[in-house]
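Undergrad: Numbering of the sequence shown is given in numbering that gives the first Met the number 0, commencing with residue 0 and proceeding in unit increments.
Don't be surprised by glycine CBs; every beta carbon is placed ideally from N, CA and C.
A quick note: this is a predicted structure, and the numbers were derived from the prediction, not measured.
Questions regarding the structure given below will be posed in turn.
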Amino acid sequence: MMPHNPQTDQKEKAPSLSDEAQKQIGRKLRLLYEQLEAEPIPDKFVDLLRALAEKESKPR
0 MMPHNPQTDQ KEKAPSLSDE AQKQIGRKLR LLYEQLEAEP IPDKFVDLLR
50 ALAEKESKPR
């Protein structure tokens with residue numbers, strides 16, 4: 000077991016954000032994802048999903 004060394008211990012800890020910074024990041028991420036969810040699904044993705052569903056429903 001290695002002896003306690005404050006300098007080494009300090010380097011091993013991950014940097015942390017303040018509670019307020021974490022809350023602000025969380026609010027902004029939630030807003031971003033809410034806006035993203037409100038956007039329509041692009042037609043090319045809908046077409047791909049439709050084609051996949053058709054292919055999966057056909058017997059092999």
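(1) Check whether the Cβ atoms of Leu35 and Ile24 sit closer than 9 Å, and answer yes or no.
(2) Indicate the three-state DSSP secondary structure (helix, strand or coil) for Arg26 in the structure shown.
(3) According to DSSP, simplified to helix, strand and coil, what is Glu36?
(4) Output the distance between the C-alpha atoms of Ala37 and Gln21, rounded to the nearest integer angstrom.
TA: Inspection of the coordinates gives the following:
(1) The sequence position of residue 35 within the sequence shown is 36, counting from 1. The sequence position of residue 24 within the sequence shown is 25, counting from 1. Not closer than 9 Å, so no.
(2) In the sequence shown, counting from the first residue as 1, residue 26 sits at position 27. Helix.
(3) In the sequence shown, counting from the first residue as 1, residue 36 sits at position 37. Residue state, collapsed to three classes: helix.
(4) By 1-based counting over the sequence shown, the position of residue 37 is 38. By 1-based counting over the sequence shown, the position of residue 21 is 22. Approximately 24 Å between the Cα atoms of the pair.
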